[in-house]
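From first to last, the protein sequence lines are chains A and B.
Quick note: the first sequence, position 30, residue 36 per my numbering, numbers continuous.
Quick note: the second sequence, position 116, residue 124 per my numbering, numbers continuous.
For glycine and all other residues, C-beta sits at the position ideal for the given N, C-alpha and C.
Bear in mind the structure is a predicted one, so any value in this text is a computation, not a measurement.
Notes to accompany the following structure.
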Amino acid sequence: MMLRACPREKEVKELVERGQWPVAAATAPELRAHVDGCRSCGDLVLVAMAFQNARAEAVGEAKVGSAGALWWRAQLRLRNAAVERLGRPILGAQIFALAVNLLLVVGLVVWQARHGLTWFAQLPLTASFHLDSGWLDSGWFDSLLSSGWSSLVLIFAAATLALLSGVVVYLAAEKQ
Amino acid sequence: MSLTAWESALSNVLAPGANTAGAQASSPPMDDQAFAGFYERSARSLWAYLARTSGDPALAEDLMQESYVRFLCAPHSPSQLGEGEVPARRYLFRIATNLLRDHWRRPRTASIEEIPEDFFAQTGGSAQADSQMTLGPALKQMRPRERQLLWLAYAEGYSHREIAEVTGLASASIRLLLFRARRKIARLLRDAGNGRKL
Chain A
7 MMLRACPREK EVKELVERGQ WPVAAATAPE LRAHVDGCRS CGDLVLVAMA
57 FQNARAEAVG EAKVGSAGAL WWRAQLRLRN AAVERLGRPI LGAQIFALAV
107 NLLLVVGLVV WQARHGLTWF AQLPLTASFH LDSGWLDSGW FDSLLSSGWS
157 SLVLIFAAAT LALLSGVVVY LAAEKQ
Chain B
9 MSLTAWESAL SNVLAPGANT AGAQASSPPM DDQAFAGFYE RSARSLWAYL
59 ARTSGDPALA EDLMQESYVR FLCAPHSPSQ LGEGEVPARR YLFRIATNLL
109 RDHWRRPRTA SIEEIPEDFF AQTGGSAQAD SQMTLGPALK QMRPRERQLL
159 WLAYAEGYSH REIAEVTGLA SASIRLLLFR ARRKIARLLR DAGNGRKL
């Protein structure tokens, strides 16, 4: 399709947009004759007038609601989004702490498996050996420390560290 | 976190850039009073655009409300940046155009029983306005995109550049698309016997 713009199209369009077209046509017969003979301008006048009439009627029949209701609906949506955004660091910290804990557990299991779970094997022996001789003077605590119980302490320390790291991440994310 | 800190954080999110907007904005962000005025001036023309391009007044009402809510929620909208009414209006039409496009892309699931009776009364009733009687059937034969382009150009009086901003099309292609659409609807209007109105 050839795209041929008429040089007078702009002039005609301005008249139609200002709502002066039928009046202008009556006072300017030369322009009227041009529009009658020019397909491009003829199309423009026909289409633009049809749309402007349709717009005027549609605007008249429009039933618009309250602006206040829309304003508060938007505020509510913004508030919900803000609350959700503020909750994101907590979730991130929880996921991070969980991931660190899991890693530590897996690491410890692998480490202990390589050492043949020696502390686990000694645990019942140690407990039964000192059962008759009392709590304090039995050296039970010393044997725990010297045996595999130190690994349990290590696990608790690591878990505490992981939790603390989660809190640190949360605080850092919150500052952002 | 203390209540004050939460309130402060919330207000920062609700009014993003409130402390730093002075450098880039020429006027303050839109408050509820300014919005009410803007709504009063723009709602009817937005409804007209949506109703005539979709052919469904009920849908137009829904999309219009959603357009305003999204307009107010958008962090970089002209309303937040205080850029003035003309860009704000263009941005609003852009949101509405996108919503309408999403609606057309969505698979249609509504059954005939779900459509209210007044929908048929509005589209075929005897009380229908004259221009709608002539333009309506012609518009129905146009593609949705063509309807949008024609409405924006000839009902809203937007320039090619503004139409490109609203529709997301390349500015260079608007001229050709609009020329074709205008020729097509002019032929349909003439066939319907509307040419005598010239």
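Check: Whole-angstrom Cβ separation of A68 of chain B and L58 of chain B, contact assumed at under 8 Å?
Finding: One-based indexing of the second sequence puts residue 68 of chain B at position 60. One-based indexing of the second sequence puts residue 58 of chain B at position 50. Right, their Cβ atoms sit about 4 Å apart.
Margin query: Please tell me whether V77 of chain B and R45 of chain A are closer than 8 Å, where the distance is taken between their beta carbons.
Written below: If you number the second sequence from 1, residue 77 of chain B lands on position 69. If you number the first sequence from 1, residue 45 of chain A lands on position 39. Not closer than 8 Å, so no.
Item checked: Where S53 of chain B meets chain A, residues with beta-carbon distance less than 9 Å -> To locate residue 53 of chain B, count along the second sequence from 1; it is residue 45. Result: R61, A64, V65, A68.
Check: Is P2 of chain A buried or exposed, if buried means 16 or more other CB atoms sit within 10 Å of its CB?
Finding: Coverage of chain A is limited to positions 7 through 182, which leaves residue 2 of chain A absent and any answer about it impossible.
Item checked: Local conformation of F162 of chain A per DSSP, three classes -> Locating residue 162 of chain A in the first sequence gives position 156, counting from the first residue. Note: F162 of chain A maps to helix in three-state DSSP.
Item checked: Interfacial residues, the segment 88 to 100 of chain A to chain B, with Cβ spacing under 8 Å -> Residues of the segment 88 to 100 of chain A that bring their beta carbon within less than 8 Å of a beta carbon in chain B comprise A88, V89, R91, L92, in sequence order.
Next item on the list: Check A34 of chain A in the structure and name its three-state DSSP category.
Entry: By 1-based counting over the first sequence, the position of residue 34 of chain A is 28. Correct three-state label for A34 of chain A: coil.
Check: Out of curiosity, what's the CA-to-CA distance linking R195 of chain B and V174 of chain B?
Finding: As a working note, residue 195 of chain B is residue 187 in the second sequence. As a working note, residue 174 of chain B is residue 166 in the second sequence. Rounded to whole angstroms, R195 of chain B to V174 of chain B spans 26 Å at the Cα level.
Next item on the list: Thinking A31 of chain A and R38 of chain A are a contact (beta carbons under 8 Å), I'd like their distance in whole angstroms, please.
Entry: The sequence position of residue 31 of chain A within the first sequence is 25, counting from 1. The sequence position of residue 38 of chain A within the first sequence is 32, counting from 1. Indeed they touch by this definition, with Cβ atoms about 4 Å apart.
Next item on the list: Specify whether the segment 140 to 157 of chain B and the segment 184 to 199 of chain B touch according to this definition: at least 3 beta carbon pairs, one from each stretch, less than 8 Å apart.
Entry: The way I'd put it, the segment 140 to 157 of chain B does touch the segment 184 to 199 of chain B; three or more beta-carbon pairs between them come closer than 8 Å.
Next item on the list: Please look up how many angstroms separate the CB atoms of T105 of chain B and A200 of chain B, rounded, as I've assumed it's under 8 Å.
Entry: If you number the second sequence from 1, residue 105 of chain B lands on position 97. If you number the second sequence from 1, residue 200 of chain B lands on position 192. That belief does not hold up - the Cβ atoms of T105 of chain B and A200 of chain B are roughly 27 Å apart, past 8 Å.
Check: Any Cβ of chain B within less than 8 Å of the Cβ of F135 of chain A?
Finding: To locate residue 135 of chain A, count along the first sequence from 1; it is residue 129. Reliability of the predicted coordinates at F135 of chain A is poor, the pLDDT of 49 falling under 50, and no value is obtained from them.
Checklist line | Whole-angstrom distance between F101 of chain B and I120 of chain B, CA atom to CA atom | finding: Residue 120 of chain B sits at position 112 when you count from the first residue of the second sequence. Residue 101 of chain B sits at position 93 when you count from the first residue of the second sequence. With a pLDDT of 47 at I120 of chain B, under the threshold of 50, the modelled position of this residue cannot be trusted, and the question is left open.
Note to self: Since V175 of chain A and G74 of chain A should fall inside the 8 Å C-beta cutoff, what is the C-beta to C-beta distance between them, to a whole number of angstroms?
What the structure shows: Your numbering for residue 175 of chain A matches position 169 in the first sequence. Your numbering for residue 74 of chain A matches position 68 in the first sequence. Between G74 of chain A and V175 of chain A the Cβ distance is about 42 Å, and since that is not below 8 Å, they are no contact.
Notebook entry, point to check: Applying a beta-carbon distance threshold of less than 8 Å, which residues of chain B neighbour K58 of chain A?
Noted result: Within the first sequence, the letter at position 52 stands for residue 58 of chain A. First, the amino acid is wrong: residue 58 of chain A is Gln here, not Lys. Ordered by position in chain B, the residues that pass the 8 Å Cβ test against Q58 of chain A are Y162, A163.
Check: Rounded C-beta distance between K161 of chain B and L184 of chain B? I'm assuming under 8 Å.
Finding: Your numbering for residue 161 of chain B matches position 153 in the second sequence. Your numbering for residue 184 of chain B matches position 176 in the second sequence. One point to set straight first is that residue 161 of chain B is Ala, not Lys, in the sequence displayed. Not really, about 13 Å apart at Cβ, beyond 8 Å.
Next item on the list: Can you have a look at V51 of chain A and say buried or exposed, based on whether 16 or more other CB atoms are within 10 angstroms of its CB?
Entry: Sequence index remark: in the first sequence, residue 51 of chain A carries index 45 (1-based). By the 16-neighbour rule on beta-carbons within 10 angstroms, V51 of chain A is buried.
Note to self: Please tell me whether F43 of chain B has its Cβ less than 8 Å away from any Cβ of chain A.
What the structure shows: Locating residue 43 of chain B in the second sequence gives position 35, where the first residue counts as 1. F43 of chain B has a beta carbon lying within less than 8 Å of a beta carbon in chain A.
Next item on the list: Just mark L177 of chain A as buried or exposed, buried being the case when its beta carbon has 16 or more other beta carbons within 10 Å.
Entry: Position 171 of the first sequence, counting from 1, holds the residue named residue 177 of chain A. Counting Cβ neighbours within 10 Å, L177 of chain A comes out exposed, since fewer than 16 surround it.
Margin query: Contact criterion: CB-CB distance below 8 Å. Does T175 of chain B meet it with respect to chain A?
Written below: Counted from its first residue, the second sequence places residue 175 of chain B at position 167. No, T175 of chain B does not count as interfacial toward chain A.
Margin query: Just to confirm my understanding: we take L48 of chain A, look at its own chain, exclude 5 residues before and 5 after, and list those with CB closer than 8 Å. What are they?
Written below: For this step, residue 48 of chain A is matched to residue 42 along the first sequence. Note that residue 48 of chain A is Gly in the sequence shown here, rather than Leu. These residues qualify, in order along the chain: V41, D42.
Item checked: Candidates B:A66, B:W159, B:Y47, of which the one nearest A60 of chain A by Cα -> The count along the first sequence starts at 1 and reaches residue 60 of chain A at position 54. Closest option to A60 of chain A, Cα to Cα, is B:W159.
Notebook entry, point to check: Residues in its own chain within less than 6 Å of Y210 of chain B by CB, not counting five upstream and five downstream?
Noted result: Here chain B has residues from 9 to 206 only, and residue 210 of chain B is not among them.
Item checked: Nearest to V159 of chain A (by Cα), restricted to the options A:V173, A:A87, A:L114 -> As a first step, residue 159 of chain A must be located in the first sequence, where it is residue number 153. The shortest C-alpha separation from V159 of chain A is found at A:L114.
Check: Within this structure, are the beta carbons of F46 of chain B and W77 of chain A separated by less than 8 Å?
Finding: Position 38 of the second sequence, counted from the start, is the residue given in the question as residue 46 of chain B. Position 71 of the first sequence, counted from the start, is the residue given in the question as residue 77 of chain A. Contact: no.
Item checked: Positions along the segment 72 to 86 of chain B whose CB lies within less than 7 Å of some CB in chain A -> Q73, Y76, V77, L80, C81
Check: Does L67 of chain B have its Cβ less than 8 Å from a Cβ in chain A?
Finding: The residue labelled residue 67 of chain B in the question sits at position 59 within the second sequence. So, not an interface residue.
Margin query: Cβ closer than 8 Å: which chain B residues qualify as neighbours of V53 of chain A?
Written below: Taking the first sequence and counting its residues from 1, one reaches residue 53 of chain A at position 47. Those within 8 Å of V53 of chain A in chain B are L158, Y162, R190, I193, A194, L197.
Note to self: Quick check: the Cα distance between G66 of chain A and A56 of chain B, rounded to an integer number of angstroms?
What the structure shows: Mapped onto the first sequence, residue 66 of chain A falls at position 60. Mapped onto the second sequence, residue 56 of chain B falls at position 48. One Cα belongs to G66 of chain A, the other to A56 of chain B, and the distance between them is close to 9 Å.
Next item on the list: Just the C-alpha distance for I182 of chain B and R85 of chain A, rounded to the nearest angstrom, thanks.
Entry: Taking the first residue of the second sequence as position 1, residue 182 of chain B is located at position 174. Taking the first residue of the first sequence as position 1, residue 85 of chain A is located at position 79. Each residue's Cα considered, the two are about 39 Å apart.
Margin query: When you compare the CB of A129 of chain B with every CB in chain A, is at least one pair closer than 8 Å?
Written below: If you number the second sequence from 1, residue 129 of chain B lands on position 121. Here the model assigns A129 of chain B a pLDDT of 46, short of 50, so the residue's position is not dependable and the matter cannot be decided.
Margin query: I'd like the list of long-range same chain contacts for V18 of chain A, defined as Cβ closer than 7 Å, with 5 residues on each side in sequence excluded.
Written below: Looking up residue 18 of chain A in the first sequence gives position 12. If we look at V18 of chain A and ignore the five residues flanking it on each side, its Cβ neighbours are V41, C47, L50, V51.
Next item on the list: Select from B:E154, B:S167, B:Y166, B:H168 the residue whose C-alpha is nearest the C-alpha of A189 of chain B.
Entry: Counted from its first residue, the second sequence places residue 189 of chain B at position 181. Among B:E154, B:S167, B:Y166, B:H168, the Cα nearest to that of A189 of chain B belongs to B:E154.
Checklist line | Alpha-carbon to alpha-carbon, E170 of chain B and A62 of chain A | finding: For the purposes of this step, residue 62 of chain A is taken as the residue at position 56 of the first sequence. For the purposes of this step, residue 170 of chain B is taken as the residue at position 162 of the second sequence. Taking the straight line from one Cα to the other gives about 21 Å.
Margin query: Out of A:A56, A:A168, A:M55, which one is the CA nearest neighbour of L110 of chain A?
Written below: One-based indexing of the first sequence puts residue 110 of chain A at position 104. With respect to the C-alpha of L110 of chain A, the residue from A:A56, A:A168, A:M55 having the closest C-alpha is A:A168.
Check: Would D64 of chain B count as contacting chain A if we go by Cβ distances under 8 Å?
Finding: For this step, residue 64 of chain B is matched to residue 56 along the second sequence. Judged by the 8 Å Cβ criterion, D64 of chain B is not in contact with chain A.
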